[in-house]
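Here the structure is laid out as structure tokens; the discussion comes afterwards.
Numbering (our numbering), first residue to last: 18 to 186.
What follows is the structure, encoded as structure tokens:
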């Protein structure tokens, strides 16, 4: 969630544009720095109300390259570039620039976030009945069952032995 709602941003921008107060005065009233206020004003002037609404978008690699090319070609700052392309933050442009410098175009490709989904191919297909694989799977299952029953029997016997010793005393 954004720290300031779209309505609060709009009120601050309009107060500045209408000449009611300076950046510093508006920022002090809202207990904030002047930097975000300047960004809001710049984005409002370029894109209107749409420029100050917060939204998350997953940008295509070509868009990222276009943004970086614009910044290099015109020598624009990250703030100006973010305002020009209506990006939510100038840090986004800075992050793309750093990624590109560190790893080239491949570093700009968006990576999926979160836990990867389970793949169907990791599950073993059930073997056909009567085949060698099916018989081997059945033998393995019976061996595991036999080992389990042996351990269970040993546990029961040790428990009975322990109880009989405690009853004699």
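All C-beta atoms in this analysis are idealised placements derived from N, C-alpha and C, irrespective of residue type, glycine included.
Residue i to residue j, Cα distance in whole Å?
i: residue 20; j: residue 89; result: 31 Å
i: residue 114; j: residue 85; result: 7 Å
i: residue 133; j: residue 40; result: 46 Å
i: residue 148; j: residue 180; result: 48 Å
i: residue 36; j: residue 51; result: 16 Å
i: residue 162; j: residue 131; result: 38 Å
i: residue 129; j: residue 135; result: 14 Å
i: residue 159; j: residue 182; result: 35 Å
i: residue 151; j: residue 145; result: 6 Å
i: residue 77; j: residue 118; result: 18 Å
i: residue 83; j: residue 44; result: 33 Å
i: residue 169; j: residue 157; result: 18 Å
Give a yes or no on whether the C-beta atoms belonging to residue i and residue j are separated by under 8 Å.
i: residue 70; j: residue 23; result: yes
i: residue 29; j: residue 56; result: no
i: residue 81; j: residue 31; result: no
i: residue 58; j: residue 27; result: no
Starting from the C-beta of residue i, find all residues in its chain whose C-beta is less than 8 Å away, skip the five residues before and the five after it, and write them out in chain order.
i: residue 103; result: 60, 63, 64, 67, 68
i: residue 101; result: 63, 87, 93
i: residue 174; result: none
Going along the chain, which residues of its own chain have a beta-carbon closer than 7 Å to the beta-carbon of residue i, five neighbours each way excluded?
i: residue 155; result: none
i: residue 189; result: For residue 189 there is no data in the structure shown, the boundaries of the chain being 18 and 186.
i: residue 153; result: none
Excluding the five sequence neighbours on either side, which residues of its own chain have a C-beta within less than 6 Å of the C-beta of residue i, listed in chain order?
i: residue 99; result: 107, 110
Applying the 10 Å Cβ sphere with the 16-neighbour rule, what's the burial state of residue i?
i: residue 18; result: In this predicted model, residue 18 has a pLDDT of only 36, less than 50, meaning its place in the structure is not dependable enough to derive any value.
i: residue 95; result: buried
i: residue 165; result: exposed
i: residue 54; result: buried
i: residue 122; result: exposed
i: residue 171; result: exposed
Is residue i near the ligand MG, going by C-beta to nearest heavy atom under 7 Å?
i: residue 152; result: The ligand MG is not part of this structure, which contains no ligands at all.
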